[in-house]
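Engineer: Input: one structure, supplied below.
In UniProt numbering, the protein residues as written are 1 to 368.
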């Protein structure tokens, strides 16, 4: 082969290689550019009372994507009081050590302004626990002052479309107070947690029938997150048929089942000398995830929301209803038949919430 022919062949190979490298580079640039355009911005999530048991369990679940999904980065804002500074910082250390890919940053603080700045999700776990010597009005006053202060901070510093779920008891009335003092946040964006009670009801039905809990749906928690709540299975489904038809024991459903769900929190405290934490954290994730991403077709869940008068519930009470969620919004399920027994129980829990609202109003009036 002549030297001229070899040189030409070398030039051809060189040109082909250069072209291939160029094409590969262009494809790589396109891929990187596309990824950068589709990469989600992190969502700022506030947890108050974060150094406690619920906050400890919840922060890990959030970091694993159980709150907003497996592709949504988050920045955790962890707030607690000054006396909890050390355990709060310890929680931050553990979250860093967990190397959670979705956890972009952790802000652990005792400063309310810093905690609320820019948050899109606020999970209000912090509150003053009721002690044995305290009257209900006393704990209402303590928590009223806390939630008035937190509402003002969210009003000033959180995103205006911030979604709020109140966990600390009395959760319904704390949410009501928060809605009064964070008036620029849409009222539909302020809710309280009754998903824990809803999940407890699902679990009891599944256990009674010895079936997976995933095959049970559409139970309802009506009213207050307290011992007056009404766990209702009249419209629920288990393994494709009505729960009452599946269980065939109306006496159990009308009595023992209701009591078990109503008193489950007390039973857990008695068993472990501490209140519910893991189940509460899990239900918070369920509450927010369904709210943001939507409930499955044909399913509803229970949420404490501000009443619009549906089912004869006094307007403005924060009351647990059956809801469906779509496009980041919730809607109360309408048109469910309500029998006389259910009506009585729904009215009982509404009366308790009206009493709580009146106590809260008295405190707030005195504090002006």
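The beta carbon of each residue, even a glycine, is placed where N, CA and C say it ideally should be. Quantities reported herein were computed from a predicted structural model and do not represent experimental measurements.
Please classify residue 59 as buried or exposed, where buried requires at least 16 neighbouring CB atoms within 10 angstroms.
Structural biologist: Buried, by the Cβ-count rule.
Engineer: Residue 213 and residue 203 look like a contact to me (Cβ under 8 Å); what is the Cβ gap, rounded to whole Å?
Structural biologist: That pair is a contact at about 6 Å.
Engineer: Do residue 76 and residue 106 have their C-beta atoms closer together than 8 Å?
Structural biologist: Result yes, Cβ atoms of residue 76 and residue 106 sit closer than 8 Å.
Engineer: Would you decide whether residue 66 is buried or exposed? Buried here means 16 or more other CB atoms lie within 10 Å of its CB.
Structural biologist: Label assigned to residue 66: buried.
Engineer: Should residue 256 go down as buried or exposed, given a rule of 16 or more other Cβ atoms within 10 Å for buried?
Structural biologist: Exposed, by the Cβ-count rule.
Engineer: Let's see if you can read the secondary structure: which residues bound the beta strand (DSSP E) around residue 283?
Structural biologist: No beta strand (DSSP E) holds residue 283; the alpha helix (DSSP H) holding it covers 278 to 293.
Engineer: Evaluate residue 239 with the Cβ neighbour count: other Cβ atoms within 10 Å of its Cβ, from every protein chain shown; 16 or more gives buried, anything less gives exposed.
Structural biologist: Per the 10 Å Cβ criterion, exposed.
Engineer: Comparing C-alpha positions only, which one of 241, 300, 86, 321 sits nearest to residue 308?
Structural biologist: Comparing Cα-Cα distances from residue 308 to each of 241, 300, 86, 321, the minimum goes to 321.
Engineer: What are the residues that DSSP puts in a beta bridge with residue 142?
Structural biologist: Its beta-bridge partners do not exist; DSSP assigns none.
Engineer: Residue 199: buried (16+ other C-beta within 10 angstroms of its C-beta) or exposed?
Structural biologist: Buried: at least 16 other Cβ atoms inside 10 Å.
Engineer: Do residue 178 and residue 164 have their CB atoms nearer than 8 Å?
Structural biologist: Yes, the Cβ-Cβ distance between residue 178 and residue 164 is below 8 Å.
Engineer: Based on the DSSP secondary-structure assignment, which residues constitute the bridge partners of residue 331?
Structural biologist: Looking at the DSSP assignment, residue 331 forms a beta bridge with 324.
Engineer: Quick check: residue 95 and residue 127, are their CB atoms within less than 8 Å of each other?
Structural biologist: Contact: no.
Engineer: Which of the three DSSP states, helix, strand or coil, is assigned to residue 96?
Structural biologist: Looking at residue 96 - three-state DSSP - the assignment turns out to be helix.
Engineer: Label residue 339 either buried or exposed according to how many other C-beta atoms from any shown protein chain fall within 10 Å of its C-beta, with 16 as the threshold for buried.
Structural biologist: Under this definition residue 339 is an exposed residue.
Engineer: Just checking, does the region 136 to 154 make contact with the region 176 to 194 on the three C-beta pairs under 8 Å criterion?
Structural biologist: Short answer: they touch.
Engineer: Between the C-alpha atoms of residue 70 and residue 137, what's the straight-line distance to the nearest angstrom?
Structural biologist: If I take the Cα positions, the gap works out to 42 Å.
Engineer: Beta carbon of residue 275, beta carbon of residue 196: below 8 Å?
Structural biologist: In this structure, residue 196 does not lie closer than 8 Å to residue 275 by Cβ.
Engineer: Here's the rule: buried if 16 or more other CB atoms are within 10 angstroms of the residue's CB, otherwise exposed. What is residue 332?
Structural biologist: That one is buried.
Engineer: Candidates 262, 201, 254: which alpha carbon is nearest residue 225's?
Structural biologist: Among 262, 201, 254, the Cα nearest to that of residue 225 belongs to 262.
Engineer: Looking at the secondary structure, which residues open and close the alpha helix (DSSP H) in which residue 246 lies?
Structural biologist: Here the alpha helix (DSSP H) through residue 246 covers 243 to 247.
Engineer: With a CB to CB cut of under 6 Å and the five nearest residues on each side skipped, what residues in its chain are close to residue 290?
Structural biologist: So the list reads 301, 325, once near-sequence residues are dropped.
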